Amino acid sequence: MIAEKMKPLMANNSAIRTMFEEGDKMRAEHGAENVYDFSLGNPDAPVPSEIKQAIIDILNEEDPVTLHGYMSNAGFEDVRESIAQSLNRRFGTSFGSGNILMTVGAASGLNVALKTILNPGEEVIIFAPYFLEYNWYVDNYDGKVVQAPTDKNTFYPDLESFEKLITDKTRVVLLNTPNNPTGVIYKEDTIKKIAEILERKQKELGRTIFIISDEPYRELAYGGIEVPYVTKYYNNTIVAYSYSKSLSLPGERIGYLVIPSELEDSEFVFDTASNANRIIGCVNAPSLQQKVIGRCVDVQVDLDYYDRNRTSLYEGLKACGFDCVKPEGAFYMFLKSPVEDENDFCAAAKKYNILMVPGTAFACPGYVRLAYCVSHETIVNSMDGFRNLAKEYGL
Ligand code: PLP
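Each step along the sequence shown adds one to the number in the numbering used here, with nothing skipped, and position 15 is 0.
See the structure below:
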């Protein structure tokens, strides 16, 4: 009945569904407060109050027919200009409205970008571990994912191996920093080195290679750490941004692409991407949410909410003897499994009502992901379970 291409996706989905169902069963059995569910990347920091106020003000002040109507596929011009100016103020870039394309979150932004630039059979290099949905996005356009390794002590890209993976089929290098699932942020020297390699390879191979920088976690960077703005280091960069995490608005589906003027054939690529937005069925990003962003362009969730969780979980797990790179951004921690098969480790954790996602779901077996977008209480109360779990493995 269903298309061949959907079959592996549905098999994968049923594994995720089984995990959710197990969580629900545990909550029904033990009470929600006694289940420590670190499996979901669903933001839980409070939505800033400015968002609700902006929605009320917009509904009161704006002409409803214009507000709820179609607009240019790229989005409202005034909103795009506000975003461009905000980026320029914060990152020293020089964007205008013509560089910003409003999208239905990062997921659709990535699809629009890939639809725009990827030919069938072309390769997209991604550093593992990574957000596995990328596989489906690339497959939508008949591209091929090529996994590149990272150093397991830091989760920084192994640049020597990376360079060797670039071929005359490479079209895109997909970066995600701050990273899901590791929480690692690439510093300026890493971005510079990736850019140098790509400049050299573009010349050598006589073809354009794009970076797509997937940045839904850009604003979730702790301790004032800088997240370099990739367009400043490499001209052929498209940025995919989302407000799902920075404003806790994942259900509203709002984000944007940045297509800088320095990108090859920038205006034509921008127009093509606007059309791709229509063709993939999004048409335009939700109009009310675009207007909200226009009024709240510099607002973000309380970072301390996640930072407190990050510190407690990291220190708690280290004290138990677990091994983990300290995350600097996003709201994930990637813990080394004390046994080779991390599925066994996840199964053992369930005995203590702790739910985690196996690293295989991020193309990195031997690890587990914990999402710390949970109440602080959940972290504190989970520690007895983690201590017992560590003891089981002789840590
Ligand atoms: N990219 C990464 C790395 C993510 O973790 C997610 C969602 O969790 C997305 C993209 C999709 O985000 P959005 O809600 O903006 O579509």
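Every residue gets a Cβ at the ideal spot worked out from N, C-alpha and C, and that includes glycine. Just so we're clear, the structure is a prediction, and the values are computed from it rather than from any experiment.
Span of the alpha helix (DSSP H), counted from its first residue to its last, around residue i
{"i": "Glu181", "result": "Glu173 to Leu190"}
{"i": "Asn161", "result": "Looking at the DSSP string, Asn161 is not in any alpha helix (DSSP H); the run it does join, the beta strand (DSSP E), is Thr155 to Asn161."}
{"i": "Gln275", "result": "Ser272 to Arg280"}
{"i": "Lys149", "result": "Leu144 to Leu150"}
{"i": "Met368", "result": "His361 to Glu377"}
{"i": "Glu327", "result": "Glu327 to Lys335"}
{"i": "Asp292", "result": "Leu288 to Cys305"}
{"i": "Leu86", "result": "First-last for Leu86: Ile85 to Thr88, but that is the beta strand (DSSP E), not the alpha helix (DSSP H)."}
{"i": "Asp199", "result": "Per DSSP, Asp199 belongs to no alpha helix (DSSP H); it is in the beta strand (DSSP E), Phe195 to Asp199."}
{"i": "Ser227", "result": "Counting along the chain, Ser227 falls outside any alpha helix (DSSP H), though it belongs to the beta strand (DSSP E) covering Thr222 to Ser227."}
{"i": "Glu35", "result": "Ser34 to Glu46"}
{"i": "Leu72", "result": "Glu62 to Phe76"}
{"i": "Ala133", "result": "Taken as a continuous stretch (DSSP letters only), Ala133 belongs to no alpha helix (DSSP H), being part of the beta strand (DSSP E) at Lys129 to Ala133."}
{"i": "Glu118", "result": "Glu118 to Asn125"}
{"i": "Val52", "result": "Contrary to the premise, residue 52 reads as Leu rather than Val in this sequence. Pro49 to Leu52 is the span of the alpha helix (DSSP H), which, as asked, contains Leu52."}
{"i": "Phe253", "result": "Ser251 to Ile264"}
Neighbourhood of residue i by C-beta, 7 Å cutoff - its chain only, sequence neighbours within 5 removed
{"i": "Arg12", "result": "Val20"}
{"i": "Arg263", "result": "Asn58"}
{"i": "Lys178", "result": "Leu144"}
{"i": "Ala180", "result": "Tyr218 and Tyr219"}
{"i": "Val282", "result": "Ser67, Ile68 and Ser71"}
{"i": "Asn73", "result": "Ser79 and Phe80"}
{"i": "Ala206", "result": "Pro163, Ile170, Val212, Glu313 and Gly314"}
{"i": "Arg295", "result": "Tyr207, Pro312 and Tyr357"}
Cα-Cα separation, residue i to residue j
{"i": "Asp9", "j": "Ser(-1)", "result": "15 Å"}
{"i": "Gln187", "j": "Thr155", "result": "10 Å"}
{"i": "Asp326", "j": "Val130", "result": "24 Å"}
{"i": "Phe319", "j": "Asp48", "result": "48 Å"}
{"i": "Arg372", "j": "Ser322", "result": "14 Å"}
{"i": "Val324", "j": "Glu14", "result": "28 Å"}
{"i": "Tyr290", "j": "Ala(-12)", "result": "43 Å"}
{"i": "Tyr122", "j": "Ala332", "result": "30 Å"}
{"i": "Ala69", "j": "Gly279", "result": "11 Å"}
{"i": "Asn125", "j": "Gly266", "result": "13 Å"}
{"i": "Ala375", "j": "Met341", "result": "15 Å"}
{"i": "Pro350", "j": "Leu302", "result": "19 Å"}
{"i": "Thr216", "j": "Lys335", "result": "43 Å"}
{"i": "Tyr378", "j": "Cys305", "result": "11 Å"}
{"i": "Cys309", "j": "Asp256", "result": "44 Å"}
{"i": "Met(-14)", "j": "Asn(-3)", "result": "18 Å"}
{"i": "Thr88", "j": "Asn366", "result": "39 Å"}
{"i": "Gly370", "j": "Ser227", "result": "35 Å"}
{"i": "Glu362", "j": "Glu18", "result": "9 Å"}
{"i": "Ser272", "j": "Met(-9)", "result": "31 Å"}
{"i": "Gln274", "j": "Leu190", "result": "42 Å"}
Own chain, CB closer than 8 Å to residue i, minus 5 neighbours either side, in chain order
{"i": "Pro381", "result": "Nothing about residue 381 can be reported from this structure: the residues present for the chain run from -14 to 380 only."}
{"i": "Met4", "result": "Ser24, Leu340 and Val342"}
{"i": "Leu99", "result": "Val109, Tyr122, Val123, Asn125, Tyr126, Gly128, Val157 and Ile197"}
Cut-off 6 Å between Cβ atoms - residues of its own chain near residue i, not counting five sequence neighbours on either side
{"i": "Ser297", "result": "Ile364"}
{"i": "Glu62", "result": "Ser82"}
{"i": "Arg65", "result": "Ser82 and Ile85"}
{"i": "Lys311", "result": "Tyr299"}
{"i": "Asn165", "result": "Phe116, Ala315 and Tyr317"}
{"i": "Asn161", "result": "Asp199"}
{"i": "Ser231", "result": "Glu204 and Gln285"}
{"i": "Phe112", "result": "Ala133, Thr135 and Pro142"}
When the options are compared against residue i, the one with the closest alpha-carbon
{"i": "Asp153", "options": "Glu118, Val109 and Ala133", "result": "Val109"}
{"i": "Val32", "options": "Asp287, Leu144 and Glu184", "result": "Asp287"}
{"i": "Asn45", "options": "Lys276, Ala356 and Val282", "result": "Lys276"}
{"i": "Ile383", "options": "Gly208, Asn260, Ala334 and Asn328", "result": "This structure does not reach residue 383, given that the chain is present from -14 up to 380, and the question cannot be answered."}
{"i": "Ser198", "options": "Asp329, Ile43 and Tyr115", "result": "Tyr115"}
{"i": "Asn221", "options": "Tyr119, Leu183 and Pro28", "result": "Leu183"}
{"i": "Asn104", "options": "Asp29, Pro245 and Thr193", "result": "Thr193"}
{"i": "Glu6", "options": "Asp22, Met(-9) and Leu(-6)", "result": "Asp22"}
{"i": "Ala91", "options": "Glu313, Leu150, Ala225 and Asn(-3)", "result": "Ala225"}
{"i": "Tyr357", "options": "Ile239, Ile36 and Arg293", "result": "Arg293"}
{"i": "Arg75", "options": "Gln274, Glu211 and Lys137", "result": "Glu211"}
{"i": "Gly16", "options": "Asn338, Gly106 and Arg354", "result": "Asn338"}
{"i": "Ala346", "options": "Glu362, Val359, Asn328 and Ser360", "result": "Asn328"}
{"i": "Val243", "options": "Glu237, Leu273, Ser272 and Pro201", "result": "Pro201"}
{"i": "Ile239", "options": "Val268, Leu248, Val254 and Ser146", "result": "Val268"}
{"i": "Leu234", "options": "Lys37, Leu190 and Leu380", "result": "Lys37"}
{"i": "Leu159", "options": "Asn96, Pro(-7) and Ser34", "result": "Asn96"}
{"i": "Gly60", "options": "Gly94, Asp42, Ala39 and Pro28", "result": "Gly94"}
{"i": "Gly168", "options": "Glu118, Leu355 and Arg185", "result": "Leu355"}
beta-carbon residue i near the ligand MN non-hydrogen atom, thresh 7 Å
{"i": "Asn19", "result": "Here the bound small molecules are the ligand PLP; the ligand MN is not part of this structure."}
Delimiting residues of the beta strand (DSSP E) encompassing residue i
{"i": "Ala356", "result": "Tyr352 to Ala356"}
{"i": "Glu108", "result": "Glu108 to Phe112"}
{"i": "Phe140", "result": "Where Phe140 is concerned, there is no enclosing beta strand (DSSP E), given that its DSSP letter is neither H nor E."}
How would the residue list near the ligand PLP read, in chain order, if you kept each one whose beta-carbon is closer than 6 Å to any heavy atom?
The set, ordered by position in the chain, is Gly26, Gly90, Ala91, Ala92, Phe116, Asn161, Asn165, Asp199, Pro201, Ser227, Ser229, Pro235 and Gly240.
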